[in-house]
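Chains as they are written, first to last, in my numbering: chain L, 519 to 637; chain U, 74 to 505. Where a beta carbon is used, it is the ideal one built from N, C-alpha and C, also for glycine.
In structure tokens:
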């Protein structure tokens with residue numbers, strides 16, 4: 519049997535569980551309409567008309583997301599090399615060190631320009 | 074499929090699934106889900122009880138023996154509560170988010186080996202004690218774990234409220250930052266084991282569990298697994314004092330229960346991955362060949378696996394009971410400026426050492442003079458390193474301010490550079 523079939527089975531069970539739980543509580547639970555209850559919570563004060571700045575976020579989060587993509591791809595490239603470490607031998611090691619050095623340069627640049635400072 | 078391929082285990086995978094039938098898989102999948110749900114009920118009780126003992130309180134002790142049924146009662150209560158959808162919510166995404174969370178968290182245990190092959194008494198039927206395994210099993214674990222972030226980010230966004238949104242962006246930034254360190258710490262295990270299949274990795278720990286030779290990677294993994302699951306001291310997305318309850322603030326009833334469940338299953342997931350990759354998986358804590366390996370056969374390995382799993386879970390609770398929450402900026406700086414560079418450096422060091430050992434045939438004894446020499450050089454450098462002198466006040470007054478727009482777009486200054494004062498500086502504020 520294909521080793522990915524059990525994953526599909528587990529996914530099906532997980533989906534049924536996730537849907538079933540929400541559906542069950544929607545059926546069982548009481549429904550008593552109350553306007554105040556359906557209002558957004560904001561520590562007892564009048565809620566802001568929109569979520570912070572109309573859904574806008576500090577730029578830092580975008581920066582983190584972009585840096586994450588660079589490093590995540592780097593990590594993914596490391597995995598096949600790590601698995602075949604012995605087979606790839608010297609050539610693999612040298613090319614990986616060159617690759618890591620190339621990634622380190624923008625990392626140091628971002629660090630120096632304050633990309634990782636949060637204050 | 075090709076019957077020849079079916080006859081043998083996939084390359085790089087130790088567990089043999091060639092005889093597995095679809096019914097066995099269905100039974101195992103159901104057992105895994107049942108195991109996870111009961112473990113979560115137990116974990117909530119366990120956490121409350123252990124934290125209570127650490128704080129010299131009795132903890133839950135009313136429902137059932139030792140209060141064991143407390144979390145079951147809580148779950149029932151949540152099921153019977155009203156299912157609210159706040160007016161400002163994006164209805165479909167609001168409903169979808171908790172389901173994504175719990176769905177993704179259930180997937181990880183598919184490739185976790187609970188033991189080697191299980192024999193069934195009075196039959197000659199055996200089956201591997203894991204649902205499935207393939208050559209990229211750990212990649213699948215990471216994929217399932219990172220998809221879970223969607224539940225958090227969509228749940229916070231779809232609530233249409235301030236605190237959930239802030240909690241969800243914080244949580245996303247935190248999870249993706251610590252996922253990098255986690256991914257980098259796993260690289261060293263793959264170098265040592267030569268495989269990403271979980272059964273093969275457990276098999277490679279016959280002689281020594283990887284947490285001893287790969288101690289730095291293990292420490293990085295443990296720190297980042299706590300950051301990844303949003304647990305104290307890294308529970309900033311749910312910091313009650315600042316964000317009420319983070320991305321779950323606007324959720325009630327089973328939708329809230331799914332977020333809560335997903336968080337605890339994620340704790341079990343990262344603990345199980347730690348056990349499988351670093352702590353020897355289902356192997357008994359005895360030297361190889363002890364009692365002829367009788368402790369590593371049959372149904373006993375499941376016991377060892379569970380003992381180790383709950384050991385790691387106890388560590389989670391212990392950390393929660395001991396450490397204070399970090400500030401968000403400290404937390405992010407720690408992740409990006411300490412964990413990731415250290416993890417990268419460790420991968421390079423390990424790769425070079427392994428290359429010398431495997432390809433160049435250098436033995437461990439040959440390293441000793443180099444290690445000692447390196448330590449002496451390091452201490453000497455640290456000894457004679459000039460102390461950093463604090464710049465006298467006003468030292469940067471005579472510095473030429475740099476033009477931040479020199480390249481056509483604004484660039485932040487490097488350390489030591491000075492920006493020209495803002496054009497609005499010193500002007501009267503309008504309206505005063």
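Interface flag for residue 283 (chain U) against chain L is unset, since no Cβ pair is found closer than 8 Å. As for any beta strand (DSSP E) of minimum length 3 sitting wholly inside the segment 192-228 of chain U, the runs are 199-201, ordered along the chain. Residues of chain U with a Cβ closer than 7 Å to the Cβ of residue 558 (chain L) are, in chain order, 159, 161, 233, 234 and 323. Separation of the CB atoms of residue 161 (chain U) and residue 558 (chain L) is rounded to 5 Å, and the pair is thereby assigned contact status at 8 Å. What residue 533 (chain L) touches in chain U, judged by beta-carbon distance under 7 Å, is 176, going in chain order.
C-alpha of residue 184 (chain U) to C-alpha of residue 105 (chain U): approximately 11 Å in a straight line. Here the alpha carbon of residue 581 (chain L) sits roughly 15 Å from the alpha carbon of residue 251 (chain U). For residue 190 (chain U), the pairing in a beta bridge is given by DSSP as U:201.
Its chain contains 199 and 201 as the residues whose beta carbon lies nearer than 6 Å to that of residue 190 (chain U), once the 5 sequence neighbours on both sides are disregarded; these appear in chain order. Annotation: residue 608 (chain L) to residue 434 (chain U) spans about 13 Å, alpha carbon to alpha carbon. Put simply, the backbone Cα of residue 211 (chain U) is about 13 Å away from that of residue 261 (chain U). Per the Cβ contact rule, the segment 439-451 of chain U is not in contact with the segment 616-633 of chain L (fewer than 3 Cβ pairs under 8 Å). Against chain L, a Cβ distance below 8 Å from residue 207 (chain U) picks out 521 and 522. Residues of chain L whose Cβ lies closer than 7 Å to the Cβ of residue 427 (chain U) are, in chain order, 603. Per DSSP, the unbroken alpha helix (DSSP H) holding residue 348 (chain U) starts and ends at 326-350. Residues of the segment 374-402 of chain U that bring their beta carbon within less than 8 Å of a beta carbon in chain L comprise 401 and 402, in sequence order. Think of a sphere of 7 Å around the beta carbon of residue 431 (chain U): the chain L residues whose beta carbon falls inside it are 604, in chain order. Close partners of residue 409 (chain U) in chain L (Cβ separation under 7 Å): 634. Note that the C-beta distance between residue 206 (chain U) and residue 271 (chain U) is below 8 Å. Listed along chain L, no residue sits closer than 9 Å to residue 444 (chain U) by beta-carbon distance, the nearest being about 20 Å off. Taken through DSSP and simplified to helix, strand or coil, residue 405 (chain U) comes out as helix. Between residue 328 (chain U) and chain L, the shortest Cβ-Cβ separation is below 8 Å.
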